[in-house]
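A.B. asks: Shown below is the structure under consideration.
Protein chains: 4
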Amino acid sequence: MKKGKRELILEAAVHVFSSKGYHNARMEEIAAVAGIGKGTIYEYFPSKLQLFQDMLNKSLQVYYQNFNPEEMKQLPVEQRLRIIFETHIKFCRDNKELTRLVFWDSDVFDQELREWIYTQRQEKEERVVEIIEEGMARGELRELDPMLVKVLLTGSVAAMWAPITLDGWEIAPEVLARDVTDILMNGLKK
Amino acid sequence: MKKGKRELILEAAVHVFSSKGYHNARMEEIAAVAGIGKGTIYEYFPSKLQLFQDMLNKSLQVYYQNFNPEEMKQLPVEQRLRIIFETHIKFCRDNKELTRLVFWDSDVFDQELREWIYTQRQEKEERVVEIIEEGMARGELRELDPMLVKVLLTGSVAAMWAPITLDGWEIAPEVLARDVTDILMNGLKK
Amino acid sequence: MKKGKRELILEAAVHVFSSKGYHNARMEEIAAVAGIGKGTIYEYFPSKLQLFQDMLNKSLQVYYQNFNPEEMKQLPVEQRLRIIFETHIKFCRDNKELTRLVFWDSDVFDQELREWIYTQRQEKEERVVEIIEEGMARGELRELDPMLVKVLLTGSVAAMWAPITLDGWEIAPEVLARDVTDILMNGLKK
Amino acid sequence: MKKGKRELILEAAVHVFSSKGYHNARMEEIAAVAGIGKGTIYEYFPSKLQLFQDMLNKSLQVYYQNFNPEEMKQLPVEQRLRIIFETHIKFCRDNKELTRLVFWDSDVFDQELREWIYTQRQEKEERVVEIIEEGMARGELRELDPMLVKVLLTGSVAAMWAPITLDGWEIAPEVLARDVTDILMNGLKK
DNA sequence: CATGAATGAGACTTCATTCAT
DNA sequence: CATGAATGAAGTCTCATTCAT
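Protein chains in written order, with numbering that gives the first Met the number 0: chain A, 0 to 189; chain B, 0 to 189; chain C, 0 to 189; chain D, 0 to 189.
Laid out in structure tokens, this is it:
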């Protein structure tokens with residue numbers, strides 16, 4: 000089954016953008032990694048920036064495919080949070096390069112693009128807010144500012160990327176997810 | 000009161016690097032913002048990269064000056080965390096541009112520099128780990144993996160930047176710090 | 000008959016470097032003379048310095064192609080010297096610009112490069128020494144310090160460049176070569 | 000006896016221009032070597048180019064001071080040539096740096112300046128022509144094209160610079176001058 | 001007179017993008 | 001469709017020269 004050229008380019012883009020960063024990535028290298036000619040990229044993507052955005056979009060979709068909100072609807076909030084954490088951690092572990100781009104990079108082009116990336120993240124975070132609000136409605140959670148809780152949760156999630164990919168923090172995703180959920184649900188206090 | 004040229008350039012660098020990102024910032028613009036000639040920057044900094052690093056270093060120092068670890072030694076862990084959060088939030092609010100650089104940007108040059116930035120962050124985080132370990136020793140906190148707690152706390156802290164600076168989330172730093180501390184200490188569960 | 004781009008650039012480089020000198024030659028002008036874009040040069044040569052060195056090397060090769068040492072082996076030393084002189088003079092006359100670079104310029108970059116050029120010249124001069132030594136061995140020449148004779152001969156050769164190219168000294172190469180050889184062989188004394 | 004600033008600058012210029020070449024010499028370094036401020040040079044010389052030319056002029060004067068044409072008038076041509084060679088060789092040996100500039104460098108600025116340097120050299124060479132013509136008039140030399148002889152002599156002289164300064168060819172100036180004169184007067188032929 | 005901080009024109013070089021093959 | 005040779009805009013950095021002190 001031959002892979003489509005577009006697919007090939009996107010994969011190469013993930014590797015090169017991730018290891019070099021947006022500005023230090025060269026179109027020529029992406030083409031080389033994809034095993035095609037430099038000009039061919041422009042048959043599928045109008046510009047470097049668009050290639051980067053499309054790649055990011057596609058990566059976020061891959062990320063979201065891991066979650067299955069419908070299936071989780073029945074579960075209690077605590078368990079749902081744990082699943083989200085676990086899924087995220089596993090994704091980080093298995094897609095180290097890609098994760099950096101999705102959750103960290105921001106020095107790409109200008110304010111405009113930065114806000115676009117921020118918007119992308121917000122969409123993801125909406126789902127967390129939904130869970131939180133439902134948890135409160137069901138009485139499983141204390142009544143708190145949902146915005147505040149969202150920030151806490153997503154921040155915790157995002158922060159896990161660095162030690163896992165940079166330090167090689169080897170911890171079983173199941174254990175990590177369980178412990179984080181435990182702390183967030185029950186607090187640090189003895 | 001005449002400002003030193005070096006100081007002037009560093010301030011201009013914060014503005015321009017923050018709004019444009021490292022690669023899209025042009026030396027000429029930094030000079031223009033500083034109100035000096037293009038070549039003058041090179042009298043004080045040998046290269047664009049060095050200017051960026053010096054500026055980041057100085058910014059981190061400014062950030063740390065806000066914390067006074069000695070004074071806090073006597074306080075209970077909960078209160079110390081609250082002070083850290085509050086100080087951080089105020090700093091974000093008052094130095095929106097700068098904060099983005101210190102806590103977010105990572106696509107600057109190559110892997111080497113990325114690791115340098117990561118190392119800088121780790122130093123900061125060491126302080127948080129100390130507090131956590133002391134809290135456990137004193138019996139104020141549950142016995143947990145300090146690494147895990149550190150990630151949770153620093154992640155929560157870092158995550159607060161975005162809504163404050165990008166969305167203009169207007170919430171009193173005191174309230175936000177109190178609520179975050181409350182959740183982390185006592186958990187989300189009802 | 001389409002010329003290779005590389006060839007085209009080297010030719011343009013000879014013209015521009017010769018008339019402007021290394022440092023005053025601008026890459027843009029070389030490109031213009033070659034009838035190509037500025038960036039194209041860098042597809043064939045990694046830097047200005049390398050272009051200069053490659054051009055010099057190639058020029059020296061062209062110069063050496065004019066000599067055919069094997070064919071000359073049978074001739075008496077006097078005749079061989081005359082042939083060398085004549086060939087050199089004709090080359091100067093036909094490649095005025097190039098000659099200056101090969102035999103005169105030395106203020107290019109630093110000591111290191113200067114020594115490289117000097118080494119290039121020495122190789123050429125080795126051939127003269129061989130002829131001299133053979134002449135002595137055959138008894139055609141007086142017993143003299145070969146180094147001394149080499150300096151004399153190569154100096155005489157090199158010195159002919161200036162009046163020919165700068166003053167337009169119009170003298171038949173055959174006559175000039177014959178007279179120089181005559182003097183060197185038989186002396187100035189009446 | 001305090002040296003004049005102008006003198007100081009010229010001396011520094013000789014050292015720096017000689018070791019770095021015209022284009023790689025920086026005004027700041029010349030000032031440093033002279034032990035004065037960068038701006039002071041411009042009190043005495045209007046530009047880098049003028050400083051270079053003045054320095055070259057002065058150096059040529061120093062060179063000429065070594066010759067005393069009046070005293071030599073009575074001597075036979077052979078002896079006068081030997082004296083000229085010997086004086087030249089000693090000067091090379093004692094002023095290695097300076098000699099390179101005077102007799103070799105040509106990649107300074109453009110065609111115009113190159114011709115200026117060439118003119119300077121010609122003046123020097125006029126003296127040689129005079130000697131030759133006198134020698135012929137006196138019947139000490141064969142009747143030859145004086146231009147040709149001049150080229151031969153000055154070329155031989157100039158060529159001695161390289162092995163002396165670059166290779167450290169250690170030969171007594173008296174011996175070298177004697178041998179060169181001998182060859183040129185009596186020829187290479189056995 | 002002397003200085004050296006400031007300047008900005010100008011050079012080399014990179015690399016996203018185009019387009020003839 | 002695919003290619004990669006060609007392009008030139010744009011960026012960093014150097015350094016001769018100026019001028020306020």
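C-beta atoms are modelled at their ideal positions from N, C-alpha and C, and glycine is treated no differently.
Out of A:Ala161, A:Met135, A:Lys89 and A:Leu151, point me to the one whose CA is closest to Gln121 of chain B's CA.
C.D. replies: Position 122 of the second sequence, counting from 1, holds the residue named residue 121 of chain B. Taking only the C-alpha atoms, the option nearest Gln121 of chain B is A:Ala161.
A.B. asks: Please report whether the beta-carbon of Ala12 of chain D lies at a distance below 8 Å from any beta-carbon of chain C.
C.D. replies: Position 13 of the fourth sequence holds residue 12 of chain D. Ala12 of chain D does not count as touching chain C.
A.B. asks: What's the C-alpha gap between Gly186 of chain A and Gly167 of chain B?
C.D. replies: Indexing the first sequence from 1 puts residue 186 of chain A at position 187. Indexing the second sequence from 1 puts residue 167 of chain B at position 168. The straight-line gap from Cα to Cα measures roughly 28 Å.
A.B. asks: Is the CB-CB distance between Ile88 of chain A and Met71 of chain A below 8 Å?
C.D. replies: For the purposes of this step, residue 88 of chain A is identified with residue 89 of the first sequence, where counting begins at 1. For the purposes of this step, residue 71 of chain A is identified with residue 72 of the first sequence, where counting begins at 1. Contact: no.
A.B. asks: With DSSP as the reference, label Leu143 of chain C as helix, strand or coil.
C.D. replies: Taking the first residue of the third sequence as position 1, residue 143 of chain C is located at position 144. If DSSP states are grouped into helix, strand and coil, Leu143 of chain C belongs with coil.
A.B. asks: Are any of the Cβ atoms in chain C nearer than 8 Å to that of Phe108 of chain D?
C.D. replies: What you label residue 108 of chain D is simply residue 109 of the fourth sequence in a count that begins at 1. Here Phe108 of chain D scores only 46 on pLDDT, less than 50, and its place in the model is too uncertain to base an answer on.
A.B. asks: Given that Ala158 of chain C touches chain D, what residues does it touch there, using C-beta distances under 8 Å?
C.D. replies: As a working mapping, residue 158 of chain C is identified with position 159 in the third sequence. Per Cβ cutoff of 8 Å: Val150, Leu151, Thr153, Gly154, Ser155, Ala157 and Ala158.
A.B. asks: Report all residues from its chain with a CB closer than 8 Å to the CB of Met135 of chain C; omit the five preceding and five following residues, and keep chain order.
C.D. replies: By one-based count along the third sequence, residue 135 of chain C stands at place 136. Here the set comprises Arg141, Glu142, Leu143 and Pro145.
A.B. asks: Mind checking whether Lys37 of chain D and Met26 of chain D have CB atoms under 8 Å apart?
C.D. replies: Translated into positions along the fourth sequence, residue 37 of chain D becomes position 38. Translated into positions along the fourth sequence, residue 26 of chain D becomes position 27. Cβ distance < 8 Å, so Lys37 of chain D and Met26 of chain D count as in contact.
A.B. asks: Please decide whether Asn185 of chain A counts as near chain B, where near means a Cβ-Cβ distance under 8 Å.
C.D. replies: Here residue 185 of chain A refers to the residue found at position 186 of the first sequence. Asn185 of chain A counts as touching chain B.
A.B. asks: Where Gly154 of chain B and Val15 of chain A are concerned, what is the direct C-alpha to C-alpha distance, given to the nearest angstrom?
C.D. replies: Here residue 154 of chain B refers to the residue found at position 155 of the second sequence. Here residue 15 of chain A refers to the residue found at position 16 of the first sequence. Cα to Cα, Gly154 of chain B sits roughly 27 Å from Val15 of chain A.
A.B. asks: Would the beta-carbon of Tyr21 of chain C fall within 8 Å of that of Phe51 of chain C?
C.D. replies: Here residue 21 of chain C refers to the residue found at position 22 of the third sequence. Here residue 51 of chain C refers to the residue found at position 52 of the third sequence. Contact flag set, yes.
A.B. asks: Sort D:Ala33, D:Asn23, D:Leu183 and D:Glu28 by Cα distance to Glu10 of chain D and report the nearest one.
C.D. replies: To locate residue 10 of chain D, count along the fourth sequence from 1; it is residue 11. When each option's Cα is compared against that of Glu10 of chain D, the closest is D:Ala33.
A.B. asks: Of the choices B:Thr86, B:Gln49 and B:Val128, whose alpha-carbon is the least far from that of Val148 of chain B?
C.D. replies: Translated into the one-based positions of the second sequence, residue 148 of chain B becomes position 149. Among B:Thr86, B:Gln49 and B:Val128, the Cα nearest to that of Val148 of chain B is on B:Val128.
A.B. asks: Taking Gly3 of chain B as the reference, give the member of B:Glu96, B:Ile40 and B:Ala24 with the closest Cα.
C.D. replies: As a working note, residue 3 of chain B is residue 4 in the second sequence. Answer by Cα proximity: B:Ile40.
A.B. asks: Classify Thr98 of chain A: buried if its beta carbon has 16 or more other beta carbons within 10 angstroms, exposed otherwise.
C.D. replies: For the purposes of this step, residue 98 of chain A is taken as the residue at position 99 of the first sequence. Burial call: buried.
A.B. asks: Might you give, ordered along the chain, the residues of its own chain that have their beta carbon closer than 8 Å to the beta carbon of Glu69 of chain A, omitting 5 neighbours on each side?
C.D. replies: As a first step, residue 69 of chain A must be located in the first sequence, where it is residue number 70. Excluding sequence neighbours, Glu69 of chain A sits near nothing in its chain.
A.B. asks: Within the 8 Å Cβ cut-off, does His22 of chain D reach chain C?
C.D. replies: Against the fourth sequence, residue 22 of chain D aligns to sequence position 23. Interface residue, yes.
A.B. asks: Exposed or buried, which one is Ile163 of chain D when buried takes at least 16 other CB atoms within 10 Å?
C.D. replies: On the fourth sequence, position 164 is the one that residue 163 of chain D refers to. Burial call: buried.
A.B. asks: Tyr62 of chain C and Phe90 of chain C - do their beta-carbons sit closer together than 8 Å?
C.D. replies: Position 91 of the third sequence holds residue 90 of chain C. Position 63 of the third sequence holds residue 62 of chain C. Yes, they are a contact pair.
A.B. asks: Let me see if you follow: with CB-CB separation under 8 Å, is Asp144 of chain C close to chain D or not?
C.D. replies: For this step, residue 144 of chain C is matched to residue 145 along the third sequence. Yes, contact with chain D.
A.B. asks: I want to verify the contact list: residues of chain C whose CB lies under 7 Å from the CB of Val32 of chain D, in sequence order.
C.D. replies: For the purposes of this step, residue 32 of chain D is taken as the residue at position 33 of the fourth sequence. Within 7 Å Cβ-Cβ: nothing; Val32 of chain D doesn't reach chain C, min ~17 Å.
A.B. asks: Residues in its own chain within less than 8 Å of Lys57 of chain A by CB, not counting five upstream and five downstream?
C.D. replies: Mapped onto the first sequence, residue 57 of chain A falls at position 58. Excluding sequence neighbours, Lys57 of chain A sits near Leu9.
A.B. asks: Exposed or buried, which one is Pro75 of chain B when buried takes at least 16 other CB atoms within 10 Å?
C.D. replies: Within the second sequence, numbered from 1, the residue matching residue 75 of chain B stands at position 76. So Pro75 of chain B counts as exposed.
A.B. asks: So, is the C-beta of Leu147 of chain D closer than 8 Å to a C-beta in chain C?
C.D. replies: As a working note, residue 147 of chain D is residue 148 in the fourth sequence. Yes - at least one Cβ of chain C is within 8 Å of the one on Leu147 of chain D.
A.B. asks: Could you spell out where the alpha helix (DSSP H) holding Asn185 of chain D opens and where it closes?
C.D. replies: The count along the fourth sequence starts at 1 and reaches residue 185 of chain D at position 186. Its alpha helix (DSSP H) spans residues Pro172 to Asn185.
A.B. asks: Which residues in chain A have a C-beta closer than 9 Å to the C-beta of Val179 of chain B? List them in chain order.
C.D. replies: Residue mapping note: residue 179 of chain B aligns to position 180 of the second sequence, counting from 1. Ordered by position in chain A, the residues that pass the 9 Å Cβ test against Val179 of chain B are Leu147, Val150 and Leu151.
A.B. asks: With DSSP as the reference, label Gln64 of chain B as helix, strand or coil.
C.D. replies: Start at 1 with the first residue of the second sequence, and residue 64 of chain B comes out as number 65. It is helical.
A.B. asks: Buried or exposed, going by whether 16 or more other CB atoms sit within 10 Å of the CB of Leu48 of chain B?
C.D. replies: To locate residue 48 of chain B, count along the second sequence from 1; it is residue 49. When all chains shown are included, Leu48 of chain B counts as exposed.
A.B. asks: What residues of chain D sit near Pro162 of chain C, judged by a beta carbon separation below 8 Å?
C.D. replies: Start at 1 with the first residue of the third sequence, and residue 162 of chain C comes out as number 163. The answer, in chain order, is Met146 and Val150.
A.B. asks: Check whether the Cβ atoms of Ala158 of chain B and Ala157 of chain A sit closer than 8 Å, and answer yes or no.
C.D. replies: Here residue 158 of chain B is taken as the residue at index 159 of the second sequence, counted from 1. Here residue 157 of chain A is taken as the residue at index 158 of the first sequence, counted from 1. Contact flag set, yes.
A.B. asks: Residues in the same chain with beta-carbon distance under 8 Å from Leu7 of chain B, minus the five sequence neighbours each way, listed in chain order, please.
C.D. replies: Working through the second sequence from its first residue, we reach residue 7 of chain B at position 8. Cβ within range, chain order: Ala33, Gly34 and Ile35.
A.B. asks: Does the beta-carbon distance from Ala24 of chain A to Met54 of chain A come in below 8 Å?
C.D. replies: The residue you call residue 24 of chain A lines up with position 25 of the first sequence. The residue you call residue 54 of chain A lines up with position 55 of the first sequence. Result no, Cβ atoms of Ala24 of chain A and Met54 of chain A do not sit closer than 8 Å.
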